[in-house]
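For what it's worth, the UniProt record's numbering labels the leading residue of the sequence shown as 1, then goes sequentially. Where is the CB? At the ideal position from N, CA and C, for every residue including glycine. One structure is given here, and the rest of the page talks about it.
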Amino acid sequence: MTHEIPTSWKRHCITPIPKGEGDYRPISLIEKTRKLLEKIILSKISFKIRKQLAGFQEKHSTLNHALFLVNLLRTSNGGMICVTLDIKKAYDTVDRNKLYEKLLKFQKLSLLDTQLIASLVENNQYTIKKATTELFKAAVVGLPQGSIISPSPFNVFIDDIFSYILRNLRKGILLYADDIIIFASTVSQLTDMINSIENHAKDNNYT
Numbered sequence: 001m002t003h004e005i006p007t008s009w010k011r012h013c014i015t016p017i018p019k020g021e022g023d024y025r026p027i028s029l030i031e032k033t034r035k036l037l038e039k040i041i042l043s044k045i046s047f048k049i050r051k052q053l054a055g056f057q058e059k060h061s062t063l064n065h066a067l068f069l070v071n072l073l074r075t076s077n078g079g080m081i082c083v084t085l086d087i088k089k090a091y092d093t094v095d096r097n098k099l100y101e102k103l104l105k106f107q108k109l110s111l112l113d114t115q116l117i118a119s120l121v122e123n124n125q126y127t128i129k130k131a132t133t134e135l136f137k138a139a140v141v142g143l144p145q146g147s148i149i150s151p152s153p154f155n156v157f158i159d160d161i162f163s164y165i166l167r168n169l170r171k172g173i174l175l176y177a178d179d180i181i182i183f184a185s186t187v188s189q190l191t192d193m194i195n196s197i198e199n200h201a202k203d204n205n206y207t
């Protein structure tokens with residue numbers, strides 16, 4: 001078995017669906033056979049992500065975080081400050097070289113597993129359809145839209161943000177995909193956490 005993926009599997013057709021004025025949600029259609037391979041890979045690989053990162057994990061949802069925060073606020077006698085953050089164009093700006101390094105280090109992923117994921121991620125080509133025009137684009141950064149495997153590598157990519165936050169602090173952070181909630185009991189602690197997240201963003205080339 002090799003890690004080579006047929007070129008036809010890397011071609012996507014994107015139709016932008018209007019979300020609001022000047023804002024679109026890209027709907028990406030990909031090869032059905034590729035989706036089957038992605039399901040096989042996902043069933044074979046166990047991404048053991050920490051529970052604070054609930055996005056796209058079995059038996060986890062936004063409800064887990066909501067219940068946790070409600071309980072935290074109820075039991076916090078001294079009060080709690082929460083800040084919500086969002087990673088801008090999270091999937092589209094993932095640094096692939098950084099991702100591959102993290103995949104190789106991540107628990108028990110084999111070299112072949114990592115190569116298969118890398119092959120699915122890289123060199124994807126997109127045809128963007130809008131009204132009567134078509135635009136061709138080759139993606140050199142980011143994770144493929146419409147791919148069912150993309151969320152898991154993204155979780156691996158963002159997972160080490162916890163080491164930045166908890167390096168010198170014992171406060172909290174929750175993530176769901178590219179949405180982040182941080183909480184602390186003082187403004188100074190919260191400021192330190194925001195600075196730590198900014199350092200993680202700089203080190204991993206996202207904003």
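Cβ separation of residue i and residue j, assumed to be a contact under 8 Å, to the nearest whole Å
i, j, result
"residue 142", "residue 94", "5 Å"
"residue 147", "residue 30", "6 Å"
"residue 160", "residue 202", "Rounded, the Cβ-Cβ distance is 14 Å, inconsistent with contact."
"residue 81", "residue 190", "5 Å"
"residue 178", "residue 90", "3 Å"
Assigned secondary structure, residue i (DSSP; H/G/I helix, E/B strand, else coil)
i, result
"residue 157", "helix"
"residue 83", "strand"
"residue 181", "strand"
"residue 40", "helix"
"residue 19", "strand"
"residue 144", "coil"
"residue 196", "helix"
"residue 34", "helix"
"residue 165", "helix"
"residue 205", "coil"
"residue 12", "strand"
"residue 96", "helix"
"residue 214", "Residue numbering for the chain in the displayed model covers 1 to 207; residue 214 lies beyond these limits and cannot be assessed."
"residue 5", "coil"
"residue 149", "coil"
Whether residue i touches residue j by CB criterion (7 Å)
i, j, result
"residue 254", "residue 14", "Beyond the ends of the chain as shown, which are 1 and 207, falls residue 254; an answer cannot be given."
"residue 165", "residue 158", "no"
"residue 204", "residue 88", "no"
"residue 55", "residue 206", "no"
"residue 188", "residue 78", "no"
"residue 182", "residue 193", "yes"
Residue environment, residue i, which counts as buried when at least 16 other CB atoms sit within 10 Å
i, result
"residue 25", "exposed"
"residue 156", "buried"
"residue 61", "exposed"
"residue 58", "exposed"
"residue 153", "buried"
"residue 51", "exposed"
"residue 114", "buried"
"residue 40", "exposed"
"residue 116", "buried"
"residue 120", "buried"
"residue 144", "buried"
"residue 74", "exposed"
"residue 10", "buried"
"residue 197", "buried"
"residue 21", "exposed"
"residue 67", "exposed"
"residue 53", "buried"
"residue 168", "Unreliable placement is indicated for residue 168, whose pLDDT of 49 sits below 50; the coordinate value is still reported in the next sentence. So residue 168 ends up on the exposed side."
Minimum Cβ-Cβ distance from residue i to chain D less than 7 Å
i, result
"residue 96", "No chain D is part of this structure, which consists of one protein chain only."
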